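2 protein chains.
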Amino acid sequence: MHNLDAIFSPQSVAVVGASASPGKVGHDIFANILKGGYKGTLYPVNPSAKSILSVRAYPSVRDIPDDIDLVILILPPKVALRAVEESIEKGVKGIVIVSAGFREVGGEGLEMENQIVSLCKDANIRVVGPNCLGVINPLPLVSMNASFSARMPSPGKISFISQSGALCTAVLDFAADRNFGFSKFISIGNKADVDELDLLLYLHEDPDTEVIMIYLEELRRGPEFIEHVKVITSGYRRTPVLVIKSGRTAAGAQAAASHTGALAGSEAVYDAIFRQAGIIRVDSIHELFDFASAFAYKEESHLGKLRRKLPRGNRVAIVTNAGGPGIVATDMTVSSGLRLATFQQETIQILASHLPMTANLNNPVDVIGDATQKRYENALEAVIKDEGVDGSLVILTPQSMTNALETAKAIVRVARKSDKPILSCFMGIIDVSAGVEFLQEHGYPVFSFPEDAAKAFGALYRYSDWLGQRHLPQFGFEHDEEQARGIIRDALSAGKTRLGELDGVGLLQCYGFDVLPTQLAKTADEAAGIAGQIGFPVVMKIVSPQILHKTDAGGVIIGIEDEAAARKAFEQIIQGATAYRPDAEIHGTLVQKMAPPGIETILGMNRYPVFGPLIMFGLGGIYVELFQDVVFGLAPVGRSEARRMIRGVKGVKIFKGFRGRPTADTEVLEQAIVRLSGMVRNHPEILELDINPLLVHGEDEGATVADCRIILMASDDSGQ
Amino acid sequence: MHNLDAIFSPQSVAVVGASASPGKVGHDIFANILKGGYKGTLYPVNPSAKSILSVRAYPSVRDIPDDIDLVILILPPKVALRAVEESIEKGVKGIVIVSAGFREVGGEGLEMENQIVSLCKDANIRVVGPNCLGVINPLPLVSMNASFSARMPSPGKISFISQSGALCTAVLDFAADRNFGFSKFISIGNKADVDELDLLLYLHEDPDTEVIMIYLEELRRGPEFIEHVKVITSGYRRTPVLVIKSGRTAAGAQAAASHTGALAGSEAVYDAIFRQAGIIRVDSIHELFDFASAFAYKEESHLGKLRRKLPRGNRVAIVTNAGGPGIVATDMTVSSGLRLATFQQETIQILASHLPMTANLNNPVDVIGDATQKRYENALEAVIKDEGVDGSLVILTPQSMTNALETAKAIVRVARKSDKPILSCFMGIIDVSAGVEFLQEHGYPVFSFPEDAAKAFGALYRYSDWLGQRHLPQFGFEHDEEQARGIIRDALSAGKTRLGELDGVGLLQCYGFDVLPTQLAKTADEAAGIAGQIGFPVVMKIVSPQILHKTDAGGVIIGIEDEAAARKAFEQIIQGATAYRPDAEIHGTLVQKMAPPGIETILGMNRYPVFGPLIMFGLGGIYVELFQDVVFGLAPVGRSEARRMIRGVKGVKIFKGFRGRPTADTEVLEQAIVRLSGMVRNHPEILELDINPLLVHGEDEGATVADCRIILMASDDSGQ
């Protein structure tokens, strides 16, 4: 028995803290289980009542003469601990703590919660809550409403996990209004033990769950979450996961001296996590329901296997009996990343043979206001068979000849013969209700407005695209970890938390980055000698721990073309620096090769307490400051993810030989991202890092680090 | 009597083409008027029926013994013309043509439509349609459902204009489900005569209309539309106009040789028109209804005047009995351009005295799950009185102690005492229905989900912001129109439709643009002389009608520092050009002053057949190519609109002394936009224009035209 089965499908339930007073949570939950038709045996536990709602009560869970699978606990924190101990003695298999007053109030409550979790962990008992609405399993074999919502949802194929109890009741109401059925419905409250990842893993194995919806305020696991959920969404069983995430609970980046730090808000972390895990993020509850109904749509194949209908591509055929909604659908199709299919000549001929003269035979197909179900059926059948069509949106508006129910049946007939998704939009709530109900009862997604149907189709396509992604072979890098460790150790033992440019460049070199030849010159002659050796033109920069803004101090001279100029530049920089800050300790100047031309990109990292290193890539220089055209990925970032990140940059066409420029070396960018991911994972002391700009050259010409900024933290508080 | 009153509030209606056969449009419309309780007198016209639905019928409208205000025409195009002639003879005041088969089918239908419109125009009769659903006035004094929708909406304060008949029926169904009432409901079909602007002007004067919603596929008037609708939305009566626009019916820009042409799709034109007219564009029917209910919300002031409640600023106070939805609202508040209000100390003290210890006294205020109506009332009253609060969102989720109806009453009590808007979100459709109905009946906006309420609040704020905009005094420019006309005339008579750089620069100079001193040199000595006179450094460029891509021909040399270099450059350019294209007719080279440094912007114009010149402004150079960070405005663009355009650029902070750069001269940008608007209106021969880059310098240092491209069309087909 899976360790969460006791929570969702218990044979017996004890309600500890059951009460005889209506309005009290301990009464309502007990009543909801009892009246919800629970198929197992239910026991109220109350030290002073003889019976609750006519059911014999027991003073303690230990007094129940039978085995108990699940305890629902509704007791104040002070007495809850005792009840948990008794439950453990009794040998229960799961506990749902509904009561509040634990971690969320801090102090004693938090301590109590920790103690309960620790006891249950030792006893191998999983705990849901505390501070939650409860758990519902509406499926007929269990039919358990262990929640304080009086409304038992219909059974269905969608499971819902909610971090907010209040949202649960609203979602149940909304679902009732939409004939929306659930498989499991769970409020996770404080997540003291069971969290969303545990539930995702459980529900992924649940044969009754086809789609998982989550309302989330924060995650407590990052890389581990991605690793597992990636398998859930794209592995063998392929369960779509839809998330509505809210809450600006700062994920708490540790510093913000870098661009990466400043740009990577907690939303960036979550967007990265969801993208890397293959989770579909939705913006509103409306969308959550709309998308869920599209994803839940499965059809029996001719071998009798249920298969989710996903589009193979983004080419949509629209069939409508009204122009206006067809245009709305077309617009939204395009803005949802889809495109209108172009029909083959044969399809157009078939359409012509079935449709009136005035009908539009091209996409969107207008079957005209007086279309009967037969005309819809013929048109839909023709377009769905077209090889250039990946799925269809059928729009029906109530007009005088419209028969919504018969048209719904016609749609189902065509859908059963095709493996392409067909989404319907029956406009109007009352006049078309017979058709809408027919489609809903048979599990076909149906929407009230064409924009909703088109958006849901877009989500199906994005998911299909995620499933079809190529997994690129990893790069085989060899890094000089030992030397890198030395550079970091030396800096830290010298008390430095900001690496100087020379050290920064050295560290990046250990991980295979191409850097500009750079050396420190202590005299004018040394500067001239180094410059001659490096090769002209060179750049020279002041090196002084007291001077951070080198340009302000006249401490940077570029375009130095010969040895005489190098000597002169050295003197000028030292003089300027001394004048700028007479007390500055001056180490000399860096002599650095002038960077070859290239596209300015930025590559950075910022570290989060729970999630670990977050890698940022985007257009650098002024672009990053003005447009924040950057993409994030939580480490580890492999080659496929690196490529997705590069493609995710809005100005990506700058790399593609845009306006006569050479095509950029994007493979070296993929390498750079993967190298950085490896580096920051190997060295938890690197707190923050910006390579800005990383200059990307033409194909096969690589990329050069032109400047970098690296911030360290003492290894003993690295937080890893 | 206003010329559309006969359409919306006729004393008598004749249905010409009324039929006794159910299912026929002529029957259904007649039946709908009859059964809808029309307060005037209704006459069926049918040449062969004695009576229709027991009402005495007349063979022709001329046979009716009484005066007729409105004719509803349901006849095929061939016989419609005769019926129109008879109606004119009869002296009717308005005609609604429901039948289809006119302009939309072309040919004879189009001709028939034109003839009807022309006859009616001469007779001073307004025509709605053809090819429409009809007209509905649900207000009790009229109660006319002259449409083929069997559903008569409830009376209300919102008028709806739809370009799609099919969408009308869906909207009526949706409205019925939401208890949404209408003042006027009209399907405009082909817009042969009456169009959306006529109706906007009429409804703006209508005392029963508070908000206008439009479903639009295309506009046929541009600058005129803006000019009038601006007054409707922001003038004395201030009627909010909400538009859902769809349809990629290309607005038809005339060429696309310029950036402006390539970037300005028809959506850009519409976005500009809506912004300039103060119209609020919505994305979906859900949003249309949500926003309309928020905008319809008016309250009696203590002087007994009804006033719309608009927020003075964007600071929102959230009061909720559940954490999760409060967070959702907070998130959406921020992404809707609002911010969470910070409470004064006094407010927090009042909250503390009314709320339990565990309540959150800061924004969002959590009154805790067990909040009664009294606690809601106290908290809401405290925050709405705070000077730092511009309005409130109240969120209620059904929990055990929740009384939705009493809380609704409490909200209304507080709202009546305040002039700040309060939007409610009652989550759950069934359990909270008593409260929702109470609010709806009393005209208070109530939503199902916090994100919807927050978005609607954001729309109220944007509208309030539009109303409160400053109107800047116009610039007083004097332009040398005469010389500009000469340059254009000369180019056109020489058969040129693309102005050379020298002429382009000359044209811009006539309108006060700062250009770089530029002269044509025909020999190397001339080049050296001109360069010396202009002042070094200079740029030199080949001038040849056959060489468009000057750089490819080695035809551009920059950074010429002295006379010898100028001579050398001349020879080199001529040689290169001759080698590149031996047959090229070479006029010499331009000698141009090197541009001073500045921020690269782009300023352009493209001309549309109906809408006229569309001005584009944005970041130039590579920015425009990569990020398309540009904003559009339909001419004429005055100073206030120019400022709004500049502020609308995403990367606007580049002008604000960003990262140590000097603050840019944005006043000169405003001037440049206004100058360009004047120029393209004065010279309809200018078809397309790009100034790219227009280099903007530091404050009071102006802006320089560094390059321009101007395309002309022969003045006799200017389309203006």
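If you're matching them up, the sequences are chains A and B in order.
Under the numbering used here, the first residue of the first sequence is numbered 1, with each subsequent residue one higher.
Under the numbering used here, the first residue of the second sequence is numbered 1001, with each subsequent residue one higher.
Just so it is clear, CB atoms sit at the ideal spot from N, CA and C, and this is done for glycine as well.
Small disclaimer: the values here were computed from a predicted structure and weren't measured.
Runs of the alpha helix (DSSP H) lying entirely within the region 1476-1561 of chain B, each at least 4 residues long, are 1481-1493, 1501-1510, 1524-1534 in chain order. Look at residue 331 of chain A: its C-beta is under 7 Å from a C-beta on chain B. In this structure, the CA atom of residue 1437 of chain B is about 26 Å from the CA atom of residue 434 of chain A.
Beta-bridge pairing by DSSP links residue 1392 of chain B to B:1317, B:1422. Within chain A, no residue has its beta carbon less than 7 Å from that of residue 1697 of chain B; the closest one is some 17 Å off.
Going by DSSP, residue 1114 of chain B is part of the alpha helix (DSSP H) stretching over 1107-1122. Chain-ordered, the chain A residues with CB closer than 8 Å to the CB of residue 1399 of chain B read 166, 169.
Close partners of residue 587 of chain A in chain B (Cβ separation under 9 Å) are lacking, with about 25 Å as the shortest Cβ gap. Flagged as an interface residue toward chain A: residue 1449 of chain B, by a C-beta distance shorter than 7 Å.
In summary, residue 374 of chain A is exposed, with fewer than 16 beta-carbon neighbours lying within 10 Å of its beta-carbon over all protein chains present.
Taking C-beta separations shorter than 6 Å and ignoring five residues to either side along the sequence, the partners of residue 184 of chain A in its chain run 8, 137, 159, following chain order. Judged by DSSP secondary structure, residue 690 of chain A falls within the beta strand (DSSP E) whose first and last residues are 686-696. Contact check for residue 637 of chain A against residue 602 of chain A fails: the beta carbons are separated by 7 Å or more. Around the CB of residue 474 of chain A, fewer than 16 other CB atoms lie within 10 Å, so the residue is classed as exposed. The three-state secondary structure of residue 1132 of chain B, taken from DSSP, is coil.
Contact annotation for residue 358 of chain A against chain B: 1105 [CB-CB distance below 8 Å, chain order]. Classified as buried, residue 1103 of chain B has 16 or more neighbouring CB atoms from the shown chains inside 10 Å of its CB. Secondary structure note for residue 1032 of chain B: its alpha helix (DSSP H) is the uninterrupted segment 1025-1035. For the 7 Å CB-CB criterion, residue 421 of chain A and residue 309 of chain A form a contact. With respect to residue 1557 of chain B, residue 1569 of chain B sits close: the two C-beta atoms are nearer than 7 Å.
Where residue 1590 of chain B is concerned, the enclosing beta strand (DSSP E) starts and stops at 1588-1593. Counting every other CB atom within 10 Å of its CB across the protein chains shown gives residue 549 of chain A a total below 16, marking it as exposed. For residue 1414 of chain B, the enclosing alpha helix (DSSP H) stretches over residues 1404-1416. Neighbours of residue 1322 of chain B across chain A, judged by C-beta separation under 8 Å: 164, 165, 166, 167. In the pairwise beta carbon analysis, the region 1018-1031 of chain B is classified as not touching the region 525-540 of chain A: fewer than three pairs are separated by under 8 Å. A straight line joining the alpha-carbon of residue 674 of chain A with that of residue 1337 of chain B spans about 37 Å. With contact defined as three or more Cβ pairs closer than 8 Å, the region 451-463 of chain A and the region 278-298 of chain A are in contact. DSSP places residue 1160 of chain B in the strand class (E or B) of the three-state scheme. In the DSSP assignment, residue 1014 of chain B falls within the unbroken beta strand (DSSP E) covering 1012-1016.
For the region 1330-1371 of chain B, the full-length alpha helix (DSSP H) segments reaching 4 residues or more read 1345-1354 along the chain.
Counting only Cβ-Cβ distances below 9 Å, residue 650 of chain A has contacts in chain B at 1626, 1627, in chain order. Boundaries around residue 634 of chain A are those of the beta strand (DSSP E), 630-634, since no alpha helix (DSSP H) includes it.
DSSP links residue 299 of chain A through a beta bridge to A:307. With its beta carbon at least 7 Å from every one in chain A, residue 1662 of chain B lies outside the interface.
Each of A:711, A:81, A:409 was checked against the Cα of residue 500 of chain A, and the nearest Cα belongs to A:711. The CB of residue 328 of chain A comes closer than 7 Å to the CB of 1246 in chain B, given here in chain order.
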